[in-house]
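Engineer:
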Amino acid sequence: MTRIESQSTRVQKSAAEVYTFLSNFNNFEKLMPEQVTNWKSTEDECSFTISGMASLGMKIREKNPNSLIRVEKHGKAPFDFLFDCNIREQGNECDVQLSFDADLNPMLKMMAVKPLENFLNMLVHKLKEVC
């Protein structure tokens, strides 16, 4: 598995508020950059297309209140993956880091690591603005 991580970002909301926001995929659409199209979601599942890359489907697999939301592949996806939203309480604020563990073949790894890293960083910075 290839591990890709976002930068750790301080969000000026409590861990509980950020956890509640990220626990519902309907909120994720607010985080998506313009390269994401065909967004469909319920509270626990979503699917979308990243222009020029792939279509992905995800569902929430595990929740640890105020600290972790673990997401796994669901439906369409060109590879298996786990996506974690890690939340660390810091007083009235929290630090958020996203990680993506993907089963990428060497060719796909070479092409996808940097765009996926950029995508995760975009999500975490947008979270800081929207949440």
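Just so you know, we're using the numbering used here here: the sequence shown kicks off at 317 and counts up by one.
Ideal Cβ positions, reconstructed from N, Cα and C, are used throughout, including at glycine.
Helix or strand or just coil, what does DSSP make of K444?
Structural biologist: By one-based count along the sequence shown, residue 444 stands at place 128. In the structure shown, K444 sits in a helix (DSSP, three-state: H, G or I).
Engineer: If you compare alpha carbons, which of V440, M348, S339, V352 is closest to E359?
Structural biologist: By one-based count along the sequence shown, residue 359 stands at place 43. Checking every option, the nearest Cα to that of E359 belongs to S339.
Engineer: First and last residue of the beta strand (DSSP E) that includes N380?
Structural biologist: In the sequence shown, residue 380 corresponds to position 64, counting from 1. Per DSSP, N380 belongs to the beta strand (DSSP E) from 370 to 380.
Engineer: Between V446 and the rest of its own chain, which residues show a CB-CB distance below 6 Å, the 5 nearest in sequence each way excluded?
Structural biologist: Walking along the sequence shown from the start, residue 446 turns up at place 130. The residues are K346.
Engineer: Quick one: is S322 buried, meaning 16 or more other Cβ sit within 10 Å of its Cβ, or exposed?
Structural biologist: The residue labelled residue 322 in the question sits at position 6 within the sequence shown. Counting Cβ neighbours within 10 Å, S322 comes out buried, since at least 16 surround it.
Engineer: Could you check whether N402 and V387 sit closer than 8 Å to each other, using their CB atoms as the reference points?
Structural biologist: For the purposes of this step, residue 387 is identified with residue 71 of the sequence shown, where counting begins at 1. For the purposes of this step, residue 402 is identified with residue 86 of the sequence shown, where counting begins at 1. Not a contact, by the Cβ cut-off of 8 Å.
Engineer: If you follow the beta strand (DSSP E) that N402 is part of, which residue opens it and which one closes it?
Structural biologist: Counting from one through the sequence shown, the residue named residue 402 turns up at place 86. Taken as a continuous stretch (DSSP letters only), the beta strand (DSSP E) holding N402 covers 397 to 406.
Engineer: To the nearest angstrom, report how far apart M317 and K425 are at their CA atoms.
Structural biologist: To locate residue 317, count along the sequence shown from 1; it is residue 1. To locate residue 425, count along the sequence shown from 1; it is residue 109. Looking at the two C-alpha atoms, the distance is approximately 10 Å.
Engineer: Among K329, P349, R326, A332, which one has its Cα closest to the Cα of N293?
Structural biologist: No statement about residue 293 is possible, as the shown extent of the chain runs from 317 to 447 and does not include it.
Engineer: For the putative contact between A428 and L420, defined by C-beta atoms under 8 Å, what is the C-beta separation to the nearest angstrom?
Structural biologist: Here residue 428 refers to the residue found at position 112 of the sequence shown. Here residue 420 refers to the residue found at position 104 of the sequence shown. About 6 Å separates the two Cβ atoms, so the contact holds.
Engineer: The beta strand (DSSP E) with A418 in it runs from where to where?
Structural biologist: The residue labelled residue 418 in the question sits at position 102 within the sequence shown. It spans 409 to 418 - the beta strand (DSSP E) in which A418 sits, taken as one unbroken run.
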